[in-house]
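*Asks:*
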Amino acid sequence: MLPLAMIAGVSLFFLFHSAGPFKAGESGYFAFARNAQPALVGLMLFLQFNVVAPSDMHLHKWHFELLGMQALLFLAFAFMSTGVQEGGGKILLESAMLCFICPTAAAAGVITSKIGGSLSGIITYTFFSDTLAALLIPLMVPIVHPAADIPYFNGFIMVVGRVFSIILLPCLLAWLIRYTLPPLQKWLARYRNLSFYIWGISLMLSISLATKALMGSGIGVLTAVLIGMVSLACCLFQFWAGRKIARGYGHSESITAGQAFGQKNTGFIIWLGFTFLTPVTSVAGGLYAIWHNLVNTWELKRVDDRKQYALKNDTAI
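So the number in our numbering is just where the residue sits in the sequence shown, counting from 1, plus 3.
1) Which whole runs of the alpha helix (DSSP H) in the region 233 to 273 are 4 residues long or more, in chain order?
2) Can you tell me whether Q311 is buried or exposed? The criterion is at least 16 other CB atoms within 10 Å of its CB, across all chains shown.
3) Identify, in the order they occur along the chain, each residue of the same chain with its Cβ nearer than 8 angstroms to the Cβ of I170, setting aside the five sequence neighbours on each side.
4) Specify the secondary structure class of T281 as computed by DSSP and reduced to three states.
5) From L303 to I258, what does the alpha carbon distance come to, in whole angstroms?
6) Does the beta carbon of L122 sit closer than 9 angstroms to a beta carbon anywhere in chain B?
7) Roughly how many angstroms separate the alpha carbons of Y182 and L172, rounded to a whole number?
8) Span of the alpha helix (DSSP H) holding N196?
9) Measure the alpha-carbon distance for Y291 versus Q188 and round it to whole angstroms.
10) Nearest-angstrom Cα distance between V233 and A79?
11) Might you give, ordered along the chain, the residues of its own chain that have their beta carbon closer than 7 angstroms to the beta carbon of R165, omitting 5 neighbours on each side?
12) Quick check for students: name the residue ranges of the alpha helix (DSSP H) that lie wholly in the region 65 to 148, counting only runs of 4 or more.
13) Run the CB neighbour count on H66, radius 10 Å, all protein chains shown included, and call it buried at 16 or more, exposed below.
14) For a test of the three-state rule: what should DSSP assign to G31, helix, strand or coil?
15) Enumerate in chain order the residues of its own chain whose CB-to-CB distance from A11 is below 6 angstroms, with the five nearest sequence positions on each side excluded.
Written out as structure tokens, the structure reads:
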């Protein structure tokens, strides 16, 4: 489903792009996609929070280890970029910066629960990775891009508004229903698997918007390829590092940490590039969306193959 959603997203971009002038203020399908995609993510989160009680959300040691690595990688690439003049090298360093500081995707729990990870564990990390981004990004932007001239508090409020607005409302609504209308909460819990299919539609819209950002960036093919290589390297490293760091805490925690570290809120990368840094760096978000969904596809296929093998051989998975 995920590759089909991505192909459909790219196809819809070219379909509606060819139907009218291509400009930033375009209405129609792209306006619909821009408004509908956050609503679908909110619905996904609501269904996930509905089956996770506040008491289920615990901090684990690997949470702090991943947050520490995320902060160190972001700061390292940020300081490296300050010593590089404007141009291709700085764009690539900023692209890596964005890939590392970007918070966990709101939809990460959908895949995590399907491949044997902990839904509560990844939701907990999502909150803390959002907080880390809100604290560090406004601190480093004036250093990396002095011309941006954004006061720390203003930048903090902008990032908080972007990353938390789509999370808090579904969370509060789900937990309000849990403690005031338990029968409704139990009924909604029966439909938790709908999150995966809602995510498929959301992914299609997201890829359309990412393709629009890429095609409208005006960058050359070589620059796009280099940004793609950087975002791919960051993506694969973070999936691997997350699993590696949490391997000692059990198989389920290792899966959860890999998804928490590797699956990113790519819409945030695109917004951050346009808002705070060199706009071309927003392309890293669109390309990262492709890479982490290909990894997710491979992970889902691997789990399915193991289940099929276990059924054929009448063994435990």
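Backbone N, C-alpha and C fix where the C-beta goes; we use that ideal spot for every residue, glycine too.
*Replies:* For this structure:
1) 254 to 265
2) Looking up residue 311 in the sequence shown gives position 308. Classification for Q311: exposed.
3) The residue you call residue 170 lines up with position 167 of the sequence shown. So the list reads L48, A109, T129, F130 and D133, once near-sequence residues are dropped.
4) Here the question's residue 281 lines up with position 278 in the sequence shown. In the structure shown, the three-state DSSP call for T281 is coil.
5) As a working note, residue 303 is residue 300 in the sequence shown. As a working note, residue 258 is residue 255 in the sequence shown. If I take the Cα positions, the gap works out to 12 angstroms.
6) Among the protein chains of the structure shown there is no chain B, as only one such chain exists.
7) By 1-based counting over the sequence shown, the position of residue 182 is 179. By 1-based counting over the sequence shown, the position of residue 172 is 169. The alpha-carbon atoms of Y182 and L172 are separated by roughly 16 angstroms.
8) Looking up residue 196 in the sequence shown gives position 193. Run containing N196: none; DSSP gives neither H nor E here.
9) In the sequence shown, the residue the question calls residue 291 occupies position 288. In the sequence shown, the residue the question calls residue 188 occupies position 185. Those two C-alpha atoms are separated by around 35 angstroms.
10) Indexing the sequence shown from 1 puts residue 233 at position 230. Indexing the sequence shown from 1 puts residue 79 at position 76. Cα to Cα, the separation comes out at about 15 angstroms.
11) Here residue 165 corresponds to residue number 162 of the sequence shown, with the count starting at 1. Correct list, in chain order: F271 and W274.
12) 91 to 104, 111 to 117 and 122 to 147
13) Indexing the sequence shown from 1 puts residue 66 at position 63. By the 10 Å Cβ count, H66 comes out buried.
14) For the purposes of this step, residue 31 is taken as residue 28 along the sequence shown, with counting starting at 1. Residue state, collapsed to three classes: coil.
15) Position 8 of the sequence shown, counted from the first residue, corresponds to residue 11. Correct list, in chain order: M207.
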